[in-house]
Amino acid sequence: METTSEKNTATFTHLSTLSQYIIPFGNYIFPILIWTSYKDKSEFVNHHGKQTLNFQLSLLLYTLVLALIAIPIFIIVFFQNLPMEAVFNDEDFVIRNFHFDGNIGLISIGATAVLLFGLLKIVEFFLVIYASIKTSNGEYYKYPMTIPFIK
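Right, here's the structure in full:
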């Protein structure tokens with residue numbers, strides 16, 4: 072049976088990932104600090120620290136994949152519709168005659184990647200809250216679709 076202190080520490084490990092909305096990379100920094108401080112003292116905190124970090128690293132990987140899909144697509148679509156004579160002649164340029172029919176496939180793929188990223192962030196928020204609740208009740212929780220980087 073886990074003590075209240077262990078439950079609170081493990082719960083705070085999960086909740087500390089929400090610091091990413093205030094402090095850049097807080098979702099990595101604070102869980103690492105908490106986990107490394109308590110991993111030798113409690114198996115419960117060790118388990119949840121690993122789960123938290125594995126989940127955040129998995130989300131980072133998924134985000135990078137989506138960015139590698141979306142960003143080049145939007146750059147390609149932009150430059151395909153950029154009037155080159157305005158660029159070379161140092162004139163003001165206005166994108167005229169933007170044709171969706173020629174770019175609809177690329178735009179759809181890029182928009183899907185952006186929507187998946189938004190969905191990923193929403194799911195992350197709710198899964199962190201859910202994991203925190205489970206942890207505060209003394210249960211061992213595993214995030215879904217998590218790659219076990221730290222074993």
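Numbering-wise (this note's numbering), the sequence shown opens with residue 72 and increments by one. Even glycine gets a Cβ: it sits at the ideal position worked out from N, Cα and C.
Between the alpha carbons of residue i and residue j, how many angstroms are there, rounded?
i, j, result
"Asp172", "Lys222", "48 Å"
"Ile144", "Phe83", "39 Å"
"Leu177", "Ile140", "10 Å"
"Ser113", "Glu77", "7 Å"
"Gln127", "Val194", "12 Å"
"Ile93", "Phe101", "12 Å"
"Gln151", "Ile204", "49 Å"
"Phe149", "Asn174", "10 Å"
"Phe115", "Gly209", "9 Å"
"Lys121", "Leu190", "24 Å"
"His119", "Phe196", "16 Å"
"Thr107", "Ile142", "36 Å"
"Asp111", "Pro219", "19 Å"
"Ile103", "Met72", "24 Å"
"Thr206", "Phe96", "23 Å"
"Ser179", "Asn98", "31 Å"
"Pro215", "Ile105", "22 Å"
My assumption, with CB atoms under 8 Å, is that residue i sits in contact with residue j. Please give the rounded CB distance.
i, j, result
"Val199", "Thr75", "Actually they do not touch by this definition, with Cβ atoms about 21 Å apart."
"Thr217", "Ser129", "5 Å"
With distances taken from CA atoms, which of the options is nearest residue i?
i, options, result
"Tyr201", "Leu86, Thr183, Ile100", "Leu86"
"Gly181", "Ile147, Asn79, Lys205, Asn208", "Ile147"
"Thr136", "Ile93, Leu187, Thr80", "Just to set this straight, residue 136 is Val in the shown sequence, not Thr. Residue Leu187 is the option with its Cα nearest to Val136."
"Ala138", "Ile105, Thr206, Thr80, Ala184", "Ala184"
"Lys213", "Leu124, Leu131, Asp111", "Leu124"
"Leu132", "Lys192, Leu104, Ser207, Tyr211", "Lys192"
"Tyr211", "Ser179, Asn117, Thr134", "Asn117"
"Ala81", "Tyr99, Ser179, Tyr109", "Tyr109"
Can you find a C-beta in chain B that's less than 9 Å from the C-beta of residue i?
i, result
"His85", "Looking at the structure shown, chain B is missing, and only one protein chain is on hand."
Kindly examine the ligand ATP and report whether one of its heavy atoms sits closer than 8 Å to the Cβ of residue i.
i, result
"Glu210", "Looking for the ligand ATP in the displayed structure turns up nothing, as the structure carries no ligands at all."
- Message: Could you tell me which whole alpha helix (DSSP H) segments of length 4 or greater appear in the stretch 105 to 157?
- Response: 114 to 151
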